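When you read off a place in the sequence shown, starting at 1, and then add 34, the result is the number in my numbering.
C-beta: ideal position from N, C-alpha, C; glycine also.
Note that this is a predicted model, so its numbers are computed, not measured.
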Amino acid sequence: MKGNASILVVDDNDMNRELLSRRLNHEGYQVYSAEHGGHALSTLSERHIDLVLLDIVMPVKDGYQVLFEMKSNERFRDIPVIVITADDELDSLVRCVEMGADDYLTKPFNPVILRARINSSLEKKIQYDIERRIRFELEAKVKAQMEELISAQLGVILAMSKLAESKDPETGAHLERMQEYCRTLAHHLSMQPKYTDFVDNDFIEALYCAAPLHDIGKVGIPDNILLKPGRLNVDEFEVMKTHTSLGAATLLAVNEKYPGNQFVWMGIEIAQSHHEKWDGSGYPDGLVGLEIPLSARILALSDVYDALTSKRCYKEKFSHERAKDIIIDGAASHFDPEVVDAFLEVEDEFIRIRREVQEQE
35 MKGNASILVV
45 DDNDMNRELL
55 SRRLNHEGYQ
65 VYSAEHGGHA
75 LSTLSERHID
85 LVLLDIVMPV
95 KDGYQVLFEM
105 KSNERFRDIP
115 VIVITADDEL
125 DSLVRCVEMG
135 ADDYLTKPFN
145 PVILRARINS
155 SLEKKIQYDI
165 ERRIRFELEA
175 KVKAQMEELI
185 SAQLGVILAM
195 SKLAESKDPE
205 TGAHLERMQE
215 YCRTLAHHLS
225 MQPKYTDFVD
235 NDFIEALYCA
245 APLHDIGKVG
255 IPDNILLKPG
265 RLNVDEFEVM
275 KTHTSLGAAT
285 LLAVNEKYPG
295 NQFVWMGIEI
305 AQSHHEKWDG
315 SGYPDGLVGL
325 EIPLSARILA
335 LSDVYDALTS
345 KRCYKEKFSH
355 ERAKDIIIDG
365 AASHFDPEVV
375 DAFLEVEDEF
385 IRIRREVQEQ
395 E
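What follows is the structure in structure tokens.
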């Protein structure tokens, strides 16, 4: 690396800077120089620098400020820094080492020691760069393998979801619409200060993938109950309610075999809790308000809206306006009021999704 290495010399003393730069040029290094901290930072931004020789006492920005800004900046933090200090500046040296300096030289410095310290720091940087490249390559391979595994898992789980859906022939494109409704609501919530810290792109993508899993437990419900055209009796309804815990248990088993999959975790949440109600009157756990996971609160409204605006064996489909009125009436009882507010802000999108996905059936 010696012939290609570029070194930045930062010193406000013209003579010291010139002498050091000449010596390093003679050693075969590409040398840049800066007379103060501000110039040093601008040079770092404009040039490829492999090593910095940094004086501590300088005008404009001293060595401490330069070192702090370098170690705080992802672009510069891995560049080795050798601090140049006087013999009587031991306290300053300790401070610089604590701030992340890699080595030090005392003035006046010995040429042999100078060469050894520079070579040592550059060798460390070479080794670090090799290890970092290998780590990035391994991470990329692991990520690719995980994506393949997740894709395979998603295929199996979605096939199970489709199986549950296929037992009810009148649900049509329900799963696809649910995904779009949930993504629309979550995206709108993500723009509100209250939700920006946790409703991010990863949350929205996980919810989009997990939404079709909400009724996966219906695979375990007998057809005579699941497809009954009339109202369920008390005993039948108790059986129907078990689809929530059945679905969650199914996904928990998947998660035990393939841990760390965010959309499966969210699928567990929504399978278990999408029939909970804001006032605590839902099932299976009687959760109240914010005890209900946000993913399930979003899906609950989406599920009800799609059920209301779809034809089922026991009812005709409702208009958007009638469905909206029912949802508004359910704010703070059935639904999270803030999710209802989000729905009212994006209702045109719901109308579009209902129309476009329906046209694909």
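field: 8 Å contact criterion, which Cys216 and Ile332 should meet: CB distance rounded
entry: For the purposes of this step, residue 216 is taken as the residue at position 182 of the sequence shown. For the purposes of this step, residue 332 is taken as the residue at position 298 of the sequence shown. Rounded, the Cβ-Cβ distance is 5 Å, consistent with contact.
field: the region 252–269 contacting the region 292–310, beta-carbon criterion three pairs below 8 Å
entry: no
- prompt: Do Leu101 and Leu85 have their C-beta atoms closer together than 8 Å?
  reply: To locate residue 101, count along the sequence shown from 1; it is residue 67. To locate residue 85, count along the sequence shown from 1; it is residue 51. For Leu101 and Leu85, no; Cβs fall outside 8 Å.
task: Can you tell me which of the three DSSP states Ala178 falls into?
output: Along the sequence shown, one-based indexing puts residue 178 at 144. Three-state result, Ala178: helix.
- request: Starting from the C-beta of Gly320, find all residues in its chain whose C-beta is less than 7 Å away, skip the five residues before and the five after it, and write them out in chain order.
  value: Residue numbering aside, residue 320 sits at position 286 when the sequence shown is read from its first letter. Around Gly320: Gly314.
field: Pairwise C-alpha distance: Leu219 and Val373
entry: Stepping through the sequence shown from its first residue, residue 373 is reached at position 339. Stepping through the sequence shown from its first residue, residue 219 is reached at position 185. Cα to Cα, Val373 sits roughly 7 Å from Leu219.
task: Give the single residue among Met225, Ile259, Val44 whose Cα lies nearest to the Cα of Pro5.
output: Since the first residue shown for the chain is 35 and the last is 395, residue 5 is missing from the structure and cannot be characterised.
Asp137, enclosing alpha helix (DSSP H) - first and last residue: Taking the first residue of the sequence shown as 1, we reach residue 137 at position 103. Segment 137–141 is the beta strand (DSSP E) holding Asp137; no alpha helix (DSSP H) there.
query: Taking just the CA atoms, how far does Gln213 sit from Glu383?
result: Within the sequence shown, the letter at position 349 stands for residue 383. Within the sequence shown, the letter at position 179 stands for residue 213. If I take the Cα positions, the gap works out to 13 Å.
field: Three-state secondary structure (DSSP) of Ile387
entry: Indexing the sequence shown from 1 puts residue 387 at position 353. Reduced to three states, the DSSP call for Ile387 is helix.
8 Å contact criterion, which Ile16 and Ala244 should meet: CB distance rounded: Beyond the ends of the chain as shown, which are 35 and 395, falls residue 16; an answer cannot be given.
- request: Mind the definition here: the region 278–287 touches the region 231–239 only if three or more C-beta pairs lie below 8 Å; say whether that holds.
  value: no
query: Counting only runs that start and end within the region 226–295, where is the beta strand (DSSP E) found for 3 or more residues in a row?
result: none
task: Measure from the alpha carbon of Glu61 to the alpha carbon of each residue in Asp48, Ala39, Leu127, then state which is nearest.
output: For the purposes of this step, residue 61 is identified with residue 27 of the sequence shown, where counting begins at 1. The option with the nearest alpha carbon to Glu61 is Ala39.
query: Using the C-alpha atoms, what's the distance from Thr276 back to His368?
result: Looking up residue 368 in the sequence shown gives position 334. Looking up residue 276 in the sequence shown gives position 242. So the alpha carbons of these two residues sit roughly 19 Å apart.
Other residues of its chain near Ser154: CB distance less than 8 Å, five sequence neighbours each side excluded: Residue 154 sits at position 120 when you count from the first residue of the sequence shown. Contacts found: Asp137.
- request: With distances taken Cα to Cα, identify the nearest neighbour of Pro327 among Met225, Gln306, Ala366.
  value: As a working mapping, residue 327 is identified with position 293 in the sequence shown. The residue with the shortest Cα to Cα distance from Pro327 is Gln306.
message: Contact defined as beta carbons within less than 8 Å: I believe Ala207 pairs with Gln392. What is the distance between those atoms, to the nearest angstrom?
response: Within the sequence shown, numbered from 1, the residue matching residue 207 stands at position 173. Within the sequence shown, numbered from 1, the residue matching residue 392 stands at position 358. Contact flag correct, Cβ pair sits at about 7 Å.
task: Enumerate in chain order the residues of its own chain whose CB-to-CB distance from Ala396 is below 7 Å, with the five nearest sequence positions on each side excluded.
output: In this structure the chain extends from 35 to 395, so residue 396 is not present and cannot be described.
task: May I have the straight-line CA-CA distance separating Met274 from His222, to the nearest angstrom?
output: Here the question's residue 274 lines up with position 240 in the sequence shown. Here the question's residue 222 lines up with position 188 in the sequence shown. Computed Cα separation, rounded: 32 Å.
query: Bridge partners of Ser76, per DSSP?
result: As a working note, residue 76 is residue 42 in the sequence shown. DSSP output for Ser76 lists no bridge partner at all.
field: Min CB distance Phe232 to chain B below 8 Å
entry: In the structure shown, chain B cannot be found, because there is only a single protein chain.
query: So what's Phe170 in DSSP terms, helix, strand or just coil?
result: Along the sequence shown, one-based indexing puts residue 170 at 136. Helix, per DSSP.
query: Identify the residues that DSSP records as bridge partners of Tyr66: which are they?
result: Stepping through the sequence shown from its first residue, residue 66 is reached at position 32. Beta-bridge pairing links Tyr66 to Leu42.
- prompt: For the alpha helix (DSSP H) that contains Asp89, what are its first and last residues?
  reply: By one-based count along the sequence shown, residue 89 stands at place 55. Taken as a continuous stretch (DSSP letters only), Asp89 belongs to no alpha helix (DSSP H), being part of the beta strand (DSSP E) at 85–89.
task: Using 10 angstroms around the beta-carbon of Arg388, count the other beta-carbons present and answer buried if the total reaches 16, otherwise exposed.
output: Locating residue 388 in the sequence shown gives position 354, where the first residue counts as 1. By the neighbour-count rule (16 or more Cβ atoms within 10 Å), Arg388 is buried.
- request: Give every residue of the same chain whose Cβ lies closer than 7 Å to the Cβ of Ile360, excluding the five residues on either side of it in the sequence, and list them in chain order.
  value: Taking the sequence shown and counting its residues from 1, one reaches residue 360 at position 326. The answer, listed in chain order, is Leu342.
Nearest residue (CA-CA) to Pro246, options Asp340, Pro114, Arg149: Walking along the sequence shown from the start, residue 246 turns up at place 212. Selected option, being the one with the closest Cα: Asp340.
message: Suppose contacts are defined by Cβ-Cβ distances below 8 Å. Is Ile90 in contact with Tyr63 by that definition?
response: As a working note, residue 90 is residue 56 in the sequence shown. As a working note, residue 63 is residue 29 in the sequence shown. Not in contact: Ile90 and Tyr63 (Cβ atoms no closer than 8 Å).
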